[in-house]
Amino acid sequence: MISGIYTGLLLVVFLAIVVWAWSRHNKNKFDEASRVALKDDEQIKAETEEKIHE
Numbered sequence: 040m041i042s043g044i045y046t047g048l049l050l051v052v053f054l055a056i057v058v059w060a061w062s063r064h065n066k067n068k069f070d071e072a073s074r075v076a077l078k079d080d081e082q083i084k085a086e087t088e089e090k091i092h093e
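Be aware that the sequence shown starts at 40, since it is given in the working numbering, and climbs by one per residue.
Right, here's the structure in full:
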């Protein structure tokens, strides 16, 4: 009985994470994060400082 509840709870948590990761609200954040490795350090520093001052 307990293992069934635990499995169901983990399934709900997993599905919530999938919905969160694929939501349109997070798309811009993930797209930006995927390009970080391709940017220069100075460009990253400038963008970070710009966001802090907003």
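Built from N, CA and C at the ideal position, the CB exists for glycine as well.
Within the same chain, show all residues whose beta-carbon is closer than 7 angstroms to that of residue i, passing over the 5 residues directly before and after it, in chain order.
{"i": "I83", "result": "V75"}
Can the beta-carbon of residue i be found less than 9 angstroms from the beta-carbon of residue j?
{"i": "F69", "j": "A60", "result": "yes"}
- Message: What ranges does the alpha helix (DSSP H) occupy inside the segment 50–79, keeping only unbroken runs of at least 4 residues that lie completely in it?
- Response: Counting only runs of 4+ residues, the alpha helix (DSSP H) found wholly inside the segment 50–79 occupies 63–73, in chain order.
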